[in-house]
Amino acid sequence: MPPYDARGEENGAKRHRAVLIGVEHYRGARNDLPSVTTNLRLMREALTDERTGVLAPEDLVVVPSDGGGPDTIVDPNDVRTALAAARKDVTGLLVVYFAGHGIVRPDGSDLNLMFTDSEVTRDRHHPFVGALSWDNDVMGVLRTSRADWVVVILDCCFAGNALAAFRPTVGQNFALLTAAEPGVEVPPGDPRTGTEFTAALHRLLTTGKGEPVTFTRVVAGIREAMAPFKAVDGHPWIPDELRHGDDVVLALATDAERPTAPAVPPPEPKTPDDVVKPEAPERSWRRLLPGVVSRMTRTAAVVLVGVVALAGAGAWYLLGGTSGGPCASPLELRVLTDPDLRATVQKAADAYPKRDGDGCRTVGINVYDAKATDAVAALRSSSLWQEPPVTCPASGDCPRPQRDVGAQPDIWIPAADSAWQRATADGASGGTASTATATGADGDEPAADAGKSVVDLDRLGPIAFTPMVLGVPDTMRLAQSLQTDDPLDAIVSGLKEDQTVEILRPDPEDTEGALLATDALYASSGSGSVGTLEQRMSQVLRPMPSTARELMCVLADGTHNDLEDRAAVLVPEQTLAQFNLSAGEPGRPGCATEALAHRVAHYPSDVPMLDLPFVRVTWSGADRDAAARKDAVEDFYDWLATDEDARKCFTDDGFRGVEKGDPAPPDGDSVLGKEDNTSAVREQIPQTGPGADVSTSLTGTLDRYRGALGPGRVLYLLDNSTSMADKRVWEGTGGAKELVARSMSSLGAGDAYGVWMTAVDEGKPATDLVPFGANTRAGAQKTVAGAGTAAFDARIAAGVREALATLRDSPEAERPRLLVLVTDGEDFEDVKEKEQQRLVAEAGKAPPVRIVTVSLQDGACTPGRFGERLAEASGGRCLDPADDIAAELAAEVAKTGTGDAE
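Numbering (the working numbering), first residue to last: 1 to 902.
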């Protein structure tokens, strides 16, 4: 298939756009990027060049609108608006470009694009304030775009980390080009010439010869152009990419024959006085039928322009114009929903046909999602939408609904009634955000104002159902009698009887379904301690995906050591059913692959059904259009609850309809009724889970989950014997001290950590380099950097015993613990076999302490070696020079620590 060409005759009448975003000026700790303004100019030139450009100047939306400068403030909300408009308006080619600072979490996840006033806080749940999440705010919007092709170009540090969250929809044409590979930072560039990456991209787009410059041609060219350069820290500078679809033209060849316009300018078409004029002819001529124009007679050209003008006016009329003038702005309803529901609710909102007698849309519906816990906390403290707290405590735990959730909603569609229960519960039982506390992280710091509720949350009824299920690969053995009517613990126990299985669910902070499943997991008598359970999950999959769909996509990529074959997943039935579909079946997610085993749904009796309640949100004091807004909300609900087209939006995605207030059996058109799901799901399902208020139980579950994830306790055992210096593994890049100090970027103010030196006289305990407890990260790193060696052997065995005892000496049983042992291997292997056996046995005891052994000599992690046995017994990791020790150690510490890395 030839590459998509926005200048092609078949695409001439479509709407194309480029959203160019550049942030030069930053406040706070981040340096300004003077090269960004030049980057924006280069991209404007490349995309609209008279010879090679595929877009017209009027197709560009630049943020900031003035093109940027040293004092220009760039607001992420302006970008949100631009992307939302592009999602709705563009039907042809959509290009999105960003140049500025990028930031990620310590484990490399959650790429955020930074703006003038962006901040990094110590709040583990919302570390990045005033930034845009690539996954949620950019990819999440663009994957629902109407455009024929979406192309995103990221020129920022950690741009390559966006590739992990690249998830276009089924059949969507989408390409992503990043300035470098994952984990790589890029230089700031020259203010006169721009960044090296964008300057090279400009050259490729404006100097191509022979053939159009397609995306694939750009990828090859940009990699060749960047090969002579080095990224930050000497990394090879290799741009990266992912593409979903065939190919797309980004520039024309400089030597291509250009179409010529008609010799005589076309006359202005006559239009009635009461009709708005269509798009100006000079813009239309640039795109319309370029292969035909050069062969036209003068008369034919005039006729064609008249036809195009009339067609444009007709299209304008069909899109909302009337004989009485343009349509008035519709009443906008804002719909907040659960991340697991976003795609389906958006589809229903797009299908909502509310128009007046003249064809004008009278109600516009804006759908957005937020973490389930954030939504509940925000609605309980809804006054903070209107009056945010003036200051935040130093911990960073500060409730800001505009930041955490978005605009004030008119409608809330959570995944389950339990969310509504928590939002309306009296007292602390409804408080689910980390900010709903009386004290700060250190116990003596006053928390920010928790706000008060200024909304009425009227639950009108369910709009669809889907039960939570445990999806078990059909290759696993499990009694069919356990498919329904048994609690989750009985199903899991049956699975584990004679096979290895990993139980996974999405992050319970993000979706209500995952929280309900976690509540049942924690209540199960056979599930062990919460800390053990959560640490086991983090060992097999980190970070935990945010939604059920993302979890299945991660498993489907087949890169997690056969985890897809060993994992039983707690997800909504509708998600399971979609991923069971065969290739080519409508409704199959685009990320689904044959690597993902077909799964059978088991219906735990103690996990409540997801009933998608429709909640009307009425704000105190919002009286200006209250009656009209109430009528519009109720009309939308009535349509969702009774209209066949609305019902089909949900059943096509695997949800069950509503029949007299209960789940309806799937009909023939439902994903649930497809042949792929005949043996996987049950037509008739029991009503699962408790019907009583579960808000108190879920709040306790969240507290336990957060406790299991941190703050953590981390102790480094550092071999400082003279052999470390002799082997040149003590100082410098990649040396023991640098590795320890660098990994501390994954530690936060709430973590307890320390560094012990193991080279001591025989019979003496390890010495404190950084005392175990609360420390400042900068101070600890400076102390480590200045440490010296000692003329003693490293007492590895004694150090490990004492470190395990210290880490376990805490009343907080669920708190994560990590022991990091760094050695050159010489004294490490001198530990006698019997002592090794005793230490390996001790490493496997409770409460659990993960051990990460770092050996700076080759081969230390081969099976059977002491370091590998310690790591295996504790659920930890063994690292040696065959690994990227610096990156992997930081990631391992991040599993326990609560710091944030830029």
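Heads up, the beta-carbon is just placed ideally off N, CA and C, and yes, glycines get one too.
It should be emphasised that the depicted structure is a prediction, and the values quoted were computed from it without experimental measurement.
Distance, Cα to Cα, residue i vs residue j?
i    : j    : result
R704 : R422 : 17 Å
A778 : G763 : 32 Å
D606 : A520 : 6 Å
K845 : S538 : 19 Å
L551 : D768 : 42 Å
L93  : T216 : 16 Å
Q857 : R865 : 13 Å
G668 : P168 : 28 Å
I885 : V492 : 36 Å
E835 : R682 : 54 Å
T198 : R223 : 12 Å
R477 : E502 : 14 Å
A165 : D135 : 6 Å
P57  : E45  : 9 Å
D507 : R536 : 14 Å
T362 : D410 : 16 Å
A894 : V104 : 12 Å
P330 : L242 : 38 Å
G189 : L718 : 39 Å
R380 : A419 : 11 Å
M114 : P586 : 37 Å
D338 : A548 : 11 Å
T254 : R203 : 12 Å
Looking only at DSSP bridge pairs, what is residue i linked to?
i    : result
N917 : No statement about residue 917 is possible, as the shown extent of the chain runs from 1 to 902 and does not include it.
R795 : Its beta-bridge partners do not exist; DSSP assigns none.
F98  : I21, L154
W412 : L336, V615
E659 : D662
G654 : Note: G654 sits in no beta bridge, so no partner.
L60  : A18
F174 : V150, H244
C553 : C553 pairs with nothing; no bridge assigned.
Y4   : V248
V459 : Looking at the sequence itself, residue 459 is Arg, so the reference to Val does not match. Bridge partners of R459: V615.
C878 : T853
P572 : M468
Below 8 Å on the Cβ atoms is my guess for residue i versus residue j; work out the distance and round it to an integer in Å.
i    : j    : result
G654 : V671 : 4 Å
V569 : L504 : 5 Å
V658 : I463 : 7 Å
V405 : L336 : 7 Å
G461 : A479 : Contact doesn't hold; Cβ gap of about 37 Å is too wide.
V19  : V61  : 5 Å
D880 : G859 : 7 Å
D117 : G130 : 5 Å
A147 : V218 : Between V218 and A147 the Cβ distance is about 18 Å, and since that is not below 8 Å, they are no contact.
R656 : F465 : 4 Å
A6   : V249 : 7 Å
P665 : Q684 : 6 Å
May I ask you to check if the CB of residue i is nearer than 8 Å to at least one heavy atom of the ligand GTP?
i    : result
T144 : Of the ligands one can find in the structure shown there are none, so the ligand GTP has no counterpart to examine.
Inset, instruction - Could I get the ranges of all uninterrupted alpha helix (DSSP H) runs contained in the region 785-859, with 4 residues as the minimum, in chain order? - result: 796-808, 833-843
Quiz prompt | the region 371-382 touching the region 350-359, judged by at least three CB pairs closer than 8 Å | solution = no
Quiz item: Which runs of the alpha helix (DSSP H) spanning at least 4 residues fall entirely within the region 581-651, listed in chain order?
Solution: 626-642, 644-651
**Prompt:** Does the region 722-738 come within contact of the region 818-829, defined as at least 3 CB pairs closer than 8 Å?
**Reply:** yes
Sufficient close CB pairs (3 or more, under 8 Å) joining the region 756-769 to the region 799-808:
yes
- Message: With three or more C-beta pairs closer than 8 Å as the rule, is the region 31-39 touching the region 173-184?
- Response: no
Quiz item: Are the region 74-83 and the region 500-519 in contact at 8 Å, needing three or more beta carbon pairs?
Solution: no
Does the contact criterion of 3 or more C-beta pairs under 8 Å hold for the region 135-143 versus the region 211-220?
no
* Asked: Are three or more beta carbon pairs between the region 804-820 and the region 849-867 nearer than 8 Å?
  -> yes
message = Check whether the region 553-564 and the region 867-884 are in contact - that is, three or more C-beta pairs closer than 8 Å.
response = no
Exercise. Enumerated in chain order, which unbroken segments of the beta strand (DSSP E) with a length of 3 residues or greater are wholly contained in the region 476-546?
Worked result: 484-486, 502-504
Entirely enclosed beta strand (DSSP E) segments - the region 62-132, minimum 3 residues: 93-99
At a cut of 8 Å, does the region 739-757 reach the region 779-795 through at least three beta carbon pairs? yes
ask   = Which parts of the region 754-783 are runs of the beta strand (DSSP E), unbroken and 3 residues or longer, counting only runs that do not cross its ends?
value = 767-773
Do the region 176-183 and the region 225-245 meet, that is, are 3 or more Cβ pairs less than 8 Å apart?
yes
- [ ] For the region 683-723, list the beta strand (DSSP E) runs that are entirely contained and at least 3 residues long, ordered along the chain.
- [x] 713-718
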